[in-house]
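Inspection log for the structure reproduced underneath, given as structure tokens.
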Amino acid sequence: MAIRIFTDGSSDLPKRILEQLGIVQIPLPVHFEDEHFDSDMDLELFYNKLGSASVLPKTCSPSPSTFFNKFMSVDANEQILCIALSSGLSSTYHHAVMGKTMVEEEHPQRLPIEVLDSKNASLGLGVLVYKAARMAKEGHSMHDLMQTMKRSIAEVKNYFVLDTLENVIKGGRLDRVRGAIASVLNIKLLMCASEEGTLEVLEKVRGTQNAIKKMIDRIGEAGHDFEKKVLAIGHSNCEERAHEVMEMILKRYPFKDVIVAEMGPVIGTYAGKGGILVSFA
0 MAIRIFTDGS SDLPKRILEQ LGIVQIPLPV HFEDEHFDSD MDLELFYNKL GSASVLPKTC
60 SPSPSTFFNK FMSVDANEQI LCIALSSGLS STYHHAVMGK TMVEEEHPQR LPIEVLDSKN
120 ASLGLGVLVY KAARMAKEGH SMHDLMQTMK RSIAEVKNYF VLDTLENVIK GGRLDRVRGA
180 IASVLNIKLL MCASEEGTLE VLEKVRGTQN AIKKMIDRIG EAGHDFEKKV LAIGHSNCEE
240 RAHEVMEMIL KRYPFKDVIV AEMGPVIGTY AGKGGILVSF A
């Protein structure tokens, strides 16, 4: 029985992968004060607007009715697995569950829908969605997908290096005085996704290159069997740096499958220009 994978617009998967694997991605609304876009907006436009904005854009979750309509848009004979942005960062997961409940109450004849909290964002979510969609395409059962995804959600690793602290200060996620001192001292934040699905600071490192080296060391400390895992590298408007990081990682760890993509508005808003994200599962 065919299985269709759903996710939301925070996954940052490239369009070619979404189309290739038939993934349905539901965008999140993005608001630059009085201008309204969604997370599928042109990323060159997004980063240009972000660079000139005095106030950070705001994103919000797709509504339960949006999930309901999207779930209803696929063939009734397809099973649905929806993997959503961390509930520790957004209400998107809860809205997806509400949309699923609406379908099951109003159309009980349809096949049951499964919804998982990824406890991740950006390509931390994207790498999980990619793995699930490949398994679905290979003909695995929903039971197999659910077991694998629950295990992968618990095991996925997700690291960030922020080149600028300006946006985390603007967004109220870092004290302005501390942030100003850190900026003067060229301090960079090495961050990760916690087990609860929130973001936490692992280390404060002087200089971007030192922070990236620390991040690459962390990969070796946290992982094994790299040839069996998928590596995903996200960047916020710094593609050349992302490919340099990829080459540094592949010299040390034998990942066979690699995705490189630009971070969209949901996480790119806080990363600011020059941010690098590395995920693997």
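Here the sequence shown stands for residues 0 to 280, where the numbers follow numbering that gives the first Met the number 0. Virtual Cβ for every residue (Gly too), placed ideally from N, Cα, C.
Taking the C-beta atoms as reference points, Glu199 is found no nearer than 7 Å to Leu189.
In the displayed model, Arg109 falls within coil according to three-state DSSP, outside both helix and strand.
Taken atom to atom, the span from the alpha-carbon of Asp33 to that of Ala52 is near 12 Å. Here Ser278 is near Leu122, since their CB atoms are less than 7 Å apart. With respect to Ile79, Ser117 sits apart: the two C-beta atoms are not nearer than 7 Å. Between the C-alpha atoms of Glu194 and Cys237 there is a straight-line separation of about 28 Å.
Within the model, the alpha-carbon separation for Ala241 versus Val155 is close to 20 Å. Residues Met134 of the same chain have their beta carbon placed closer than 7 Å to that of Thr147, with the five preceding and five following residues left out of the count.
For Ala231, the closest C-alpha among the options Asp256, Glu18 and Ala210 is that of Asp256. Restricting attention to Gly196, Val102 and Ile186, the CA atom closest to the CA of Ile211 is found in Ile186. The beta-carbon distance between Pro28 and Cys59, rounded to whole angstroms, is 5 Å. This is short enough to meet the 8 Å contact definition. Per DSSP, the beta-bridge partners of Tyr158 are Cys191 and Val277. Spanning the alpha carbons of Ile258 and Val96 requires a straight line of approximately 28 Å. Between the beta-carbon of Val114 and that of Ala83 there is about 6 Å, and that keeps the pair under the 8 Å contact cut. Contact annotation: Thr6 and Val128 have beta-carbon atoms nearer than 7 Å.
Annotated as proximal: Ser38 and Val265, with beta-carbon spacing under 7 Å. Under DSSP, Asp11 shares a beta bridge with no residue.
Residues of the same chain with a CB within less than 6 Å of the CB of Ala132, apart from the 5 flanking positions on each side, are Ile4, Leu20 and Ile22 in chain order.
Taken through DSSP and simplified to helix, strand or coil, His30 comes out as strand. For Val259, the secondary structure class from DSSP, reduced to helix, strand or coil, is strand. For the set Met71, Gly87, Gly125 and Val126, the Cα lying nearest the Cα of Glu103 is the one of Met71. Selection Ile248, Ala192, Asp41 and Pro111 evaluated against Gly219 yields Ile248 as nearest (Cα-Cα).
In this structure, Pro63 and Gly98 form a Cβ contact; the two beta carbons are roughly 5 Å apart against a cut-off of 8 Å. Met214 and Val160 do touch by the CB rule: their CB atoms are close to 5 Å apart, below 8 Å. Rounded to the nearest angstrom, the gap between the Cα atoms of Met262 and Met141 is 29 Å. Beta bridge pairing from DSSP links Ala83 with Asp116. If you check the CB distance, Phe67 and Met101 come in under 7 Å.
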